[in-house]
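Report on one structure; see the data block that follows.
There are 2 protein chains.
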Amino acid sequence: MEQQELFVKMVLDNWYSTVANTNKLLNSLTDEQLRGDAAPGRNSGIYLLGHLAAVNDRMLPLLGFEDQAYPHYNDIFLASPDKSGKVMPEAGELRTFWNETNAKLEKHFKSLTASEWFQRHTSVSEEDFAKEPHRNRLNVVLGRTTHLSSHLGQMLYLKK
Amino acid sequence: MEQQELFVKMVLDNWYSTVANTNKLLNSLTDEQLRGDAAPGRNSGIYLLGHLAAVNDRMLPLLGFEDQAYPHYNDIFLASPDKSGKVMPEAGELRTFWNETNAKLEKHFKSLTASEWFQRHTSVSEEDFAKEPHRNRLNVVLGRTTHLSSHLGQMLYLKK
Numbered sequence: 009m010e011q012q013e014l015f016v017k018m019v020l021d022n023w024y025s026t027v028a029n030t031n032k033l034l035n036s037l038t039d040e041q042l043r044g045d046a047a048p049g050r051n052s053g054i055y056l057l058g059h060l061a062a063v064n065d066r067m068l069p070l071l072g073f074e075d076q077a078y079p080h081y082n083d084i085f086l087a088s089p090d091k092s093g094k095v096m097p098e099a100g101e102l103r104t105f106w107n108e109t110n111a112k113l114e115k116h117f118k119s120l121t122a123s124e125w126f127q128r129h130t131s132v133s134e135e136d137f138a139k140e141p142h143r144n145r146l147n148v149v150l151g152r153t154t155h156l157s158s159h160l161g162q163m164l165y166l167k168k
Numbered sequence: 009m010e011q012q013e014l015f016v017k018m019v020l021d022n023w024y025s026t027v028a029n030t031n032k033l034l035n036s037l038t039d040e041q042l043r044g045d046a047a048p049g050r051n052s053g054i055y056l057l058g059h060l061a062a063v064n065d066r067m068l069p070l071l072g073f074e075d076q077a078y079p080h081y082n083d084i085f086l087a088s089p090d091k092s093g094k095v096m097p098e099a100g101e102l103r104t105f106w107n108e109t110n111a112k113l114e115k116h117f118k119s120l121t122a123s124e125w126f127q128r129h130t131s132v133s134e135e136d137f138a139k140e141p142h143r144n145r146l147n148v149v150l151g152r153t154t155h156l157s158s159h160l161g162q163m164l165y166l167k168k
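Written out as structure tokens, the structure reads:
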């Protein structure tokens, strides 16, 4: 296996297993549990799920794949904290948002060659990328895995 | 920058920034807050800190660096859940355990060449490694970053 392919596999395996662990938890939670708070006074499950799905949706343009499908959720789940008074979608809608967005990401992930993973993402300029080649697409997935994992740790507390 | 060096930088940057975020949180928590539970009936801060430090201590032999310094903590923090009735060290001792272990890891991390990062770790045989070259040292750090991040998410709830 080539070096680049090996490294892409390492990073994507870590991403897919963290998403799989999140799905396993989500499938074990009722909508009512999801509406609860991870801990007293902390984020609700639906806010965290909407936040994670919006982060993934925004990865679609960031990685140069396609436009965001749900940009109207950015305001609720990325620009605002939980309990901001904004009306949140139902738990079922958020489950669909999460699953659809991950399916799109997976389709695009599988279509990239190893060397395409090492191209710059869309929020870094060509000049900056020449100096900082670690700011590539794969690095976005690396950082997003850490972010997802942090909130997954919190969402585990929704399970009674 | 060579391909391998670039990968190593990407993974280590992600590790160091997650450790730095953990240190920032730990420095903002009093020992009393650390003795509290992340959420009602969940793991205490000192259990989580001991668990994370023991996982890092065990990385020392796993990555072929040196023996564990605190193997007697494995039973409390790796083989037993929290609230098992086992006597836990004081918060201050666990802070020292965490800091000392991370300093050792950092020293060893900095001494490895890029190609040494892609050598097998000590719990995979030569035969298996020939078939599964992703089971290298760097992949251990990748997985441990996700693990650390998950518990960091929970420990953030210790902060009032």
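Those protein sequence lines, which keep their order, are chains Y and L.
When we follow our numbering, the leftmost residue of the first sequence carries the number 9, and every step to the right adds one.
When we follow our numbering, the leftmost residue of the second sequence carries the number 9, and every step to the right adds one.
No residue lacks a Cβ here, since even glycine has one placed at the ideal position from N, Cα and C.
Given the structure is predicted, the values throughout are model-derived calculations rather than measurements.
>> Within 8 Å of any Cβ in chain A, is that where the Cβ of Gln127 (chain Y) sits?
In response: The structure shown contains no chain A; its protein chains are Y and L.
>> Is there a C-beta anywhere in chain L that falls below 8 Å from the one on Thr153 (chain Y)?
In response: For Thr153 (chain Y), the answer is yes, since a Cβ of chain L falls inside 8 Å of its Cβ.
> Val132 (chain L) to His116 (chain Y), Cα distance in whole Å?
Replying inline: 32 Å
> Relative to chain L, which residues along the region 28-60 of chain Y have a C-beta separation below 8 Å, given in chain order?
Replying inline: Flagged, chain order: Ala46, Ala47, Pro48 and Arg50.
> When burial is assigned at 16 or more other CB atoms within 10 Å of the CB, is Asp39 (chain Y) buried or exposed?
Replying inline: exposed
> Where does the unbroken alpha helix (DSSP H) through Val132 (chain L) begin, and where does it stop?
Replying inline: That residue, Val132 (chain L), is in no alpha helix (DSSP H); it is neither H nor E in DSSP.
>> Is there a Cβ of chain L sitting closer than 8 Å to that of Thr121 (chain Y), yes or no?
In response: no
> Would Lys115 (chain L) count as contacting chain Y if we go by Cβ distances under 8 Å?
Replying inline: No, Lys115 (chain L) does not count as interfacial toward chain Y.
>> Taking only three categories from DSSP, how would you classify Asn51 (chain Y)?
In response: Correct three-state label for Asn51 (chain Y): coil.
> So which residues of chain Y does Leu160 (chain L) contact, with C-beta pairs closer than 8 Å?
Replying inline: Those within 8 Å of Leu160 (chain L) in chain Y are Ser158 and Gly161.
> Secondary structure at Asp65 (chain L), three-state DSSP: helix, strand or coil?
Replying inline: In the displayed model, Asp65 (chain L) falls within a helix according to three-state DSSP.
> What residues match up with Asp169 (chain Y) in a beta bridge as DSSP calls it?
Replying inline: Given a span of 9 to 168 for chain Y in the structure shown, any question on residue 169 (chain Y) remains unanswerable.
> Looking at C-alpha atoms only, which residue of Y:Pro89, Y:Ala87 and Y:Arg66 is the closest neighbour of Tyr78 (chain Y)?
Replying inline: Taking Tyr78 (chain Y) as reference, the option from Y:Pro89, Y:Ala87 and Y:Arg66 with the minimal CA-CA separation is Y:Arg66.
>> If the criterion is Cβ atoms closer than 8 Å, does the pair Phe85 (chain Y) and Ala111 (chain Y) meet it?
In response: no
> Sorted by chain position, which residues of the same chain lie with C-beta nearer than 6 Å to Phe218 (chain L)'s C-beta, five sequence neighbours on each side aside?
Replying inline: Any question about residue 218 (chain L) goes unanswered here, given that chain L covers just 9 to 168.
> Can you tell me the Cα-Cα spacing of Thr154 (chain Y) and Asn144 (chain Y), whole angstroms?
Replying inline: 16 Å
> Excluding five sequence neighbours on each side, which residues of the same chain lie with their C-beta closer than 8 Å to the C-beta of Lys32 (chain L)?
Replying inline: Around Lys32 (chain L): no qualifying Cβ.
> Going along the chain, which residues of its own chain have a beta-carbon closer than 8 Å to the beta-carbon of Gln12 (chain L), five neighbours each way excluded?
Replying inline: Ala122, Ser123, Trp125 and Phe126
> Which term fits Ser52 (chain L), buried or exposed, when burial requires 16 or more other beta carbons within 10 angstroms of its beta carbon?
Replying inline: It is buried - the Cβ of Ser52 (chain L) has at least 16 other Cβ atoms within 10 Å.
>> So if DSSP puts Arg128 (chain Y) in a beta bridge, which residue, or which two residues, is it bridged to?
In response: Y:Asn144
> What in chain Y is Cβ-close to Asn22 (chain L), meaning under 7 Å?
Replying inline: Leu150, Gly151 and Thr154
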